[in-house]
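Protein chains in written order, with the working numbering: chain F, 8 to 302; chain U, 8 to 302.
Using N, Cα and C, we set each Cβ at its ideal position, and we do this for glycine too.
Note that the structure is predicted; figures quoted are calculated from it, not measured.
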């Protein structure tokens, strides 16, 4: 059996995950820490990494880092690689922070439209590189900032961000709709009703008020309201992308969320939807970019 | 000169305004208090009203109350009057709370679609009754829950709520877009850019991310971001209602907000837009409903 060949780091905004990775990209073991990149200044990254995985680092293994460590004001600001971007483009663009020459940072990816910056990602590009997606696929990575990533022959050719997850949280916490609202994931029928409502009417900033109206009318219980709201927002997202429904979709993300997206995609006429293991894709993507960068 | 003939009360969710009103609906004097209906339980309404305006009440004048005092769980739950609703329908439906027979509460108004409750208002109906709007007009009352109210011969025949103001606040406070964001109302060009962007792309939950992208690209300063975000949300609202742009619009609400709506409506092809004084309309509406109820 092969031992660890690479230390892979997925440094998200609010979470850090460090993995020991074998040849080919399998995860041998991993550690998590709540010190996400969003809360760290430039000179805190190396000490945090050493605290979490100093024993692993002492073996002289190469270290590769994807995610938000390369964002502005973080470990080292990494320019976004422009679309189309694949393993070669990402590998060529890795850079090393001044205080840690043993670390390679992976850049994010930028989409342009009419010569203007149109969208950005940091972290999802590494996951996409770890997928073996069908050609001409759409990778959907739901979450705080949900990404729809178009791929061709393994390269990212375009993408779009929906603020679905963050809006869900802000609406639940900061508006009248959130009063007495529970957690989503319990009432599939309410979720489907929300998706259907969003499909029927694109004016989402008005349609959201139906959470309140349906509650007043006794058609929506407090226990089902979170699922209905989730359905409205995910439905608005799927409806906006429905022109892609003849293409294969690969969902990567938390299992319960992918389950809800799969239901909404089916309602939107998407025929070929599969779900991939996000953590495994990240590790494999880190391995593949490392391998290409080492050549 | 005529003296006070009516005590008119506009009891909003977060604010209370008590007016002494002359024959015809002119406001003689008024007092405001932060104890809105949203924070009061059933038995607190009468004491608060007496505390704010006990000296006025002692003269035996009739008292009429519009707004949220008739909402569920407040002073007395008032059923919504169904559309079409005008002065006569509202006047016929006034009711008196158990603990204050000298007070008449005005009901809200409900819109139905296919026999199902579709939307509700409490308070705006009184303002509309105080307007002398052209026939077949649309009254737009921007704010936390922005209302588009269709009128015919002074009656409310249909309406729709957009959560524009509340979403603006929740997005600014609860998402990454709000970081370092100032107040709106300073950068007209940024507002217009937001409106234009929302007109060009109906997928508002994706378009919102352009606040971040344009900031990253250096196209949007922190000082202009609030106006741009306001433009996106108001633009989404105006775009959704653009089929009404051949009808006269009467804007009622805060002056700075009406100014921004007027700009967005002009961009949306609305030709005939006038602005009315919201406080005067409320007082005149209270007077007219009182007068009709007294016959």
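| Query | Result |
| --- | --- |
| Sheet register partners of residue 11 of chain F (DSSP bridge) | F:29 |
| Limits of the alpha helix (DSSP H) - the one that residue 115 of chain U falls within | Here residue 115 of chain U belongs to no alpha helix (DSSP H), and DSSP marks it neither H nor E. |
| Same chain only: Cβ atoms within 8 Å of residue 43 of chain U, ignoring 5 sequence neighbours per side | 18, 19, 20, 21, 22, 23, 75 |
| Residues, ordered as in the chain, of the stretch 107–131 of chain U that lie near chain F by beta-carbon distance below 8 Å | 123, 124, 125, 126, 127 |
| Chain U contact for residue 167 of chain F (CB, 8 Å cutoff) | yes |
| Segment contact flag, the stretch 81–91 of chain F with the stretch 47–54 of chain F, C-beta cutoff 8 Å, min 3 pairs | yes |
| Test item: CB-CB of residue 157 of chain F and residue 147 of chain F under 8 Å | no |
| Within chain U, partners of residue 327 of chain F - CB distance below 7 Å | Because chain F in this structure spans residues 8 to 302, residue 327 of chain F falls outside the shown range and cannot be described. |
| CB contact below 8 Å: residue 220 of chain F versus chain U | yes |
| Backbone secondary structure at residue 219 of chain F - three-state DSSP | helix |
| C-alpha distance - residue 217 of chain F paired with residue 261 of chain F, whole-angstrom precision | 27 Å |
| DSSP bridge partner residues for residue 158 of chain F (one or two, in chain order) | F:163 |
| CB contact check: residue 258 of chain U to chain F, cutoff 8 Å | no |
| 8 Å Cβ cutoff, residue 138 of chain F in contact with chain U | no |
| contact_flag[the stretch 242–252 of chain U, the stretch 273–281 of chain U] where n(CB pairs < 8 Å) is 3 or more | yes |
| Chain-ordered neighbours of residue 247 of chain U on chain F, where CB pairs are closer than 7 Å | 210, 213 |
| For residue 238 of chain F, the first and last residue of its enclosing alpha helix (DSSP H) | 229–247 |
| Coarse secondary structure for residue 108 of chain F, derived from DSSP in three states | coil |
| For residue 297 of chain U, three-class secondary structure by DSSP | helix |
| Rounded distance between the beta-carbons of residue 211 of chain F and residue 28 of chain U, thought under 8 Å | So it is not a contact: roughly 40 Å between Cβ atoms. |
| Residue nearest to residue 159 of chain U in terms of C-alpha spacing, selected from U:94, U:177, U:188 | U:94 |
| Chain F within 8 Å of residue 171 of chain U, Cβ atoms only | yes |
| 7 Å Cβ shell around residue 142 of chain F - same chain, five flanking residues per side excluded | 159, 160 |
| Reduced DSSP secondary structure (H/G/I, E/B, other) of residue 282 of chain F | strand |
| Neighbour flag for residue 216 of chain F against chain U, beta carbons, 8 Å | yes |
| Neighbourhood of residue 244 of chain F by C-beta, 7 Å cutoff - its chain only, sequence neighbours within 5 removed | 153, 169, 171 |
| Contact check, residue 292 of chain F vs residue 133 of chain F, beta carbons under 8 Å | yes |
| Residue interval of the alpha helix (DSSP H) (run including residue 266 of chain F) | 262–274 |
| Proximity to residue 197 of chain U [Cα-Cα], best of U:219, U:224, U:228 | U:228 |
| Segment contact, 8 Å Cβ cut-off, at least three pairs: the stretch 56–74 of chain U with the stretch 102–112 of chain U | yes |
| Exposure of residue 225 of chain F, with buried meaning 16 or more beta-carbon neighbours within 10 Å | exposed |
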